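Q: Residue numbers (my numbering): 39 to 345. Note that CB positions come from ideal geometry on N, CA and C, so glycine has one too. Because the structure is a prediction, the values reported are computed rather than measured.
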Amino acid sequence: MSKAMAETLPFAGLSDEDLEAMLMIREFEMTVLELFSEGLIKGTAHTCIGQEYIPVALNAFIGEEDYVISNHRGHGHYLARYNDAEGLLAEVTGRRGAVCGGIGGSQHIRRGRFLSTGIQAEGIAVGAGIAWSYKYRKQEQAVFVYIGEGTFGRGCVYESLNFAGLWGLPMVIVVENNGIALSTPQSGGMSGSIEGRVHGFGIDYLRLESRDPGVIRLQVQERMARVRQEHKPLVLEFITDRVASHSKSDDTRSEEELRAVQQRYWYNRMKASGGNRFMELEQTVRNRMQVLRQDVMGREEAEWRNV
Ligand SMILES: Cc1ncc(C[n+]2csc(CCOP(=O)(O)OP(=O)(O)O)c2C)c(N)n1
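Take a look at the structure:
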């Protein structure tokens with residue numbers, strides 16, 4: 039499907055449940071940016087504004103026993119899985135009720151079979167190890183690893199792909215290709231393509247341009263089943279956009295580029311065509327987040343020593 043075609047899709051498959059989850063992630067990230075400006079975030083934070091639909095779409099394929107390994111831009115990955123804005127907001131602001139007692143902050147979250155790491159490419163190597171243990175024990179679970187296209191600059195991505203291809207590991211490697219790594223566009227940092235590199239290891243690959251979770255699910259479901267049934271790794275490359283800065287106030291893109299990003303943003307497109315249903319859902323989510331913010335920010339500092 040061409041990028042232009044994907045961009046004109048009318049979000050036919052977007053249920054209220056998906057829309058609410060996407061809006062909640064967006065609202066959470068907007069809150070993080072505000073708190074960041076007020077100096078109330080502990081450490082740093084990278085928002086996934088623009089990419090909210092990806093974990094919402096994929097969550098339908100992730101079972102309780104599966105592992106999800108997230109990266110530095112991981113709030114949406116966590117929220118799509120656990121719908122726990124309270125625990126995460128407390129975590130990034132270091133308040134009581136934090137999911138990791140306030141030790142992990144934005145980038146280092148652990149809950150059940152969910153891990154995130156701020157070290158680029160650490161997740162794919164750890165994920166390959168976990169997937170190998172699933173295979174060795176003849177378990178049906180899979181490992182989902184999120185990485186950005188810029189992380190293909192690290193050598194252990196290739197060691198992990200080789201290992202996954204060679205041993206037939208039940209892994210889904212989700213590449214969130216937002217076209218820019220910090221301030222380096224893909225064209226300035228990558229020779230060849232992600233598809234070419236993945237095929238070099240004999241690994242199944244699918245490129246996704248839609249931003250509609252319903253459409254995405256239809257496109258991936260068959261390949262996803264093979265990961266478990268045939269123990270085959272799969273790489274899903276999402277062509278997406280980082281709508282906000284890399285972290286905060288560090289965007290080097292031109293005004294023209296940023297305008298194009300805003301035009302492609304699912305939120306702006308939905309808002310323009312979503313009518314009352316969209317407005318009502320957005321207001322509900324916004325109110326919920328405001329109440330949560332007041333509650334969490336009124337709490338004492340997290341007791342991280344008790345974790
Ligand atoms: C080993 C390592 N080197 C450098 C960094 C600093 N760093 C954090 S994010 C980032 C760019 C990541 O780009 P990409 O993988 O495309 O993900 P995106 O930020 O676009 O989501 C860099 C260089 C890091 N976290 N880890």
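Could you give the DSSP three-state label for ASP54: helix, strand or coil?
A: Here ASP54 sits in helix by DSSP.
Q: I'd like the span of the beta strand (DSSP E) that includes TYR105, first residue to last.
A: Unbroken beta strand (DSSP E) run through TYR105: 105 to 108.
Q: In terms of residues, what are the limits of the alpha helix (DSSP H) holding VAL130?
A: Per DSSP, VAL130 belongs to the alpha helix (DSSP H) from 123 to 131.
Q: Under 6 Å Cβ to Cβ from ALA44, same chain only, skipping five residues before and after it: list those, please.
A: For ALA44, the pLDDT reaches just 43, beneath the cut-off of 50, and the residue's location in the model is therefore unreliable, although a value from the coordinates is still provided. Within the same chain, ALA44 has close Cβ partners GLU247, SER248.
Q: Please state whether DSSP places ARG148 in a helix, a strand or coil.
A: In this structure, ARG148 counts as strand in the three-state DSSP scheme.
Q: Roughly how many angstroms lie between the CA atoms of ARG245 and LEU330, to the nearest whole one?
A: ARG245 and LEU330: Cα-Cα distance of roughly 37 Å.
Q: Per the DSSP calculation, MET209 is bridged to which residue(s)?
A: The partner list for MET209 (beta bridge, DSSP) reads VAL181.
Q: Determine the DSSP secondary structure at ASN215, reduced to helix, strand or coil.
A: ASN215: strand per DSSP, three-state reduction.
Q: My guess is that ILE92 and VAL210 are in contact by the Cβ rule of under 8 Å, so how many angstroms apart are they, rounded?
A: In fact, because the Cβ distance is near 12 Å, the residues do not count as touching under 8 Å.
Q: Which residues in the same chain have their Cβ closer than 6 Å to the Cβ of GLY135, if we skip the five residues on either side of it in sequence?
A: ALA128.
Q: Report yes if the C-beta distance between SER285 and THR82 is below 8 Å; otherwise report no.
A: Contact flag set, yes.
Q: Suppose only complete runs of 3+ residues qualify. What are the beta strand (DSSP E) ranges in the region 223 to 253, listed by chain order?
A: You should have 242 to 246.
Q: Could you tell me which residues DSSP puts in a beta bridge with VAL273?
A: Answer is ILE211, TYR243, bridged to VAL273.
Q: Pairing CB atoms from the region 311 to 325 with CB atoms from the region 58 to 69, are three or more of them under 8 Å?
A: Yes, the region 311 to 325 is in contact with the region 58 to 69.
Q: Residues in its own chain within less than 6 Å of GLU275 by CB, not counting five upstream and five downstream?
A: Same-chain partners within the cutoff: VAL213, ASN215, ILE232, ARG245.
Q: Could you check which residue in LYS173, TYR196, GLU339, VAL164 has the C-alpha nearest to that of VAL183?
A: Closest option to VAL183, Cα to Cα, is VAL164.
Q: Counting Cβ pairs closer than 8 Å, one from the region 253 to 269 and one from the region 90 to 105, do we hit at least three?
A: Yes, since at least three Cβ pairs between the region 253 to 269 and the region 90 to 105 fall closer than 8 Å, the two stretches touch.
Q: If we call anything under 8 Å between Cβ atoms a contact, is SER154 one with GLY191?
A: No, the Cβ-Cβ distance between SER154 and GLY191 is not below 8 Å.
Q: Looking only at C-alpha atoms, which of GLU58, VAL106, ASP122, GLU187 sits nearest to THR278?
A: Checking every option, the nearest Cα to that of THR278 belongs to GLU187.
Q: Residues in the same chain with beta-carbon distance under 7 Å from PHE239, minus the five sequence neighbours each way, listed in chain order, please.
A: For PHE239, where only same-chain residues beyond five positions count, the Cβ hits under 7 Å are LEU199, ASN200, GLY203.
Q: Would you mind listing the alpha helix (DSSP H) stretches within the region 72 to 97 that are 4+ residues and don't spill past its ends, in chain order?
A: Runs of the alpha helix (DSSP H) inside the region 72 to 97: 91 to 96.
Q: For GLU197, is the beta carbon positioned less than 7 Å from some heavy atom of ligand 2?
A: Looking for ligand 2 in the displayed structure turns up nothing; the ligands present are ligand 1.
Q: With a cut-off of 8 Å on the beta carbons, I'd call ASP56 and PRO251 a contact; round off their distance for me.
A: With a Cβ gap of about 5 Å, ASP56 and PRO251 count as contacting.
Q: Just checking my contact of ASP122 with VAL137 at CB under 8 Å: how many whole Å lie between their CB atoms?
A: Correct: roughly 7 Å between the Cβ atoms.
Q: Taking buried to mean at least 16 other C-beta atoms within 10 Å of its own C-beta, is ASP288 buried or exposed?
A: Result: exposed.
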